[in-house]
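*Asks:* Sharing a structure below in structure tokens format, with a few things to ask.
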Amino acid sequence: DAKTTQPNSMESNEEEPVHLPCNHSTISGTDYIHWYRQLPSQGPEYVIHGLTSNVNNRMASLAIAEDRKSSTLILHRATLRDAAVYYCIRNNYGQNFVFGPGTRLSVLP
Amino acid sequence: GAVVSQHPSWVICKSGTSVKIECRSLDFQATTMFWYRQFPKQSLMLMATSNEGSKATYEQGVEKDKFLINHASLTLSTLTVTSAHPEDSSFYICSARKLTYEQYFGPGTRLTVT
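One line per chain: the protein sequences are A and B, in this order.
Throughout the first sequence, residue numbering follows this note's numbering, covering 4 to 112 in sequence.
Throughout the second sequence, residue numbering follows this note's numbering, covering 1421 to 1534 in sequence.
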């Protein structure tokens, strides 16, 4: 049980922002929200993670809803290299990661 | 950054033989490493959790005698697929967890059993 739900696929145009949603309605107070992405034939790549507050790094931003039941990964300007499967994972410290099917993002030139 | 390597990146072996895959954390120590398997068009499935100096913990349905895991040091874990069969052909991915909890993944090893 991945414990998160994401749309199967999304499309974006190059150089436009992308908002990837994730629902984690049964999240507990100590669960972190992690985002990884996977390009074809590669291992998952860390994108960002957070607990309660919104987070920013050089790759993306993570917006976490006030009730923490959902979050959104924001890619500010999509490039062709951002085309990948994006996984949203929630887990508590020390727990294993459980991967769902993720969202396949296509970026159109 | 945190880098995890895997070797080999791809391997072809004959049915009935064994193959070993190495996973190394190159710039950090990892007390815990994980092994995943990924079939085409599917997500990653956790096979086992490997703790340095102790026996691995296998997920339900994963045969521990077939998938031997050794975590000999804080930077190296190995997965040996014994008596491989064509149905074991898959993409095997390891990850290593830092003491600060972040988890980093290797590039994966594509195993093809003929």
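No residue lacks a Cβ here, since even glycine has one placed at the ideal position from N, Cα and C.
From a predicted model like this one, the values you see are computed outputs, not experimental measurements.
Do you know offhand how far residue 1510 of chain B's Cα is from residue 1528 of chain B's?
*Replies:* Straight-line Cα distance between these residues: approximately 10 Å.
*Asks:* Looking only at its chain, what residues have a beta carbon closer than 7 Å to the beta carbon of residue 68 of chain A, apart from the 5 residues adjacent to it on each side?
*Replies:* Around residue 68 of chain A: 74.
*Asks:* Are any of the Cβ atoms in chain A nearer than 8 Å to that of residue 1487 of chain B?
*Replies:* No, its Cβ sits nowhere closer than 8 Å to a Cβ of chain A.
*Asks:* Got a sec? Which residues, its chain only, sit under 6 Å from residue 1493 of chain B by beta carbon, not counting five neighbours each side?
*Replies:* Excluding positions up to five away in sequence, the list is empty.
*Asks:* Please report the straight-line C-alpha distance between residue 94 of chain A and residue 58 of chain A, rounded to a whole angstrom.
*Replies:* So the two alpha carbons sit approximately 17 Å from each other.
*Asks:* What ranges does the beta strand (DSSP E) occupy inside the region 1467-1514 of chain B, keeping only unbroken runs of at least 3 residues that lie completely in it?
*Replies:* Taking only runs of at least 3 residues, the beta strand (DSSP E) segments lying wholly in the region 1467-1514 of chain B are 1487-1493, 1496-1501.
*Asks:* Any residues in the region 94-105 of chain A with a beta carbon nearer than 9 Å to a beta carbon of chain B? Which ones, in chain order?
*Replies:* Within the region 94-105 of chain A, the residues whose Cβ lies closer than 9 Å to some Cβ of chain B are 96, 97, 99, 100, 101, 102, 103, 104, 105, listed in chain order.
*Asks:* Tell me, to the nearest whole angstrom, how far the beta carbon of residue 1433 of chain B is from that of residue 1514 of chain B; I am working on the premise that it is less than 8 Å.
*Replies:* About 18 Å; that fails the 8 Å criterion.
*Asks:* Against chain B, with Cβ distances strictly below 8 Å, would residue 10 of chain A count as a contact?
*Replies:* By this cut-off, residue 10 of chain A is not an interface position.
*Asks:* Identify the contact partners of residue 53 of chain A in chain B, using a Cβ-Cβ distance below 8 Å as the criterion.
*Replies:* Neighbours of residue 53 of chain A on chain B: none; closest Cβ ~12 Å, over 8 Å.
*Asks:* Please classify residue 88 of chain A as buried or exposed, where buried requires at least 16 neighbouring CB atoms within 10 angstroms.
*Replies:* Counting Cβ neighbours within 10 Å, residue 88 of chain A comes out buried, since at least 16 surround it.
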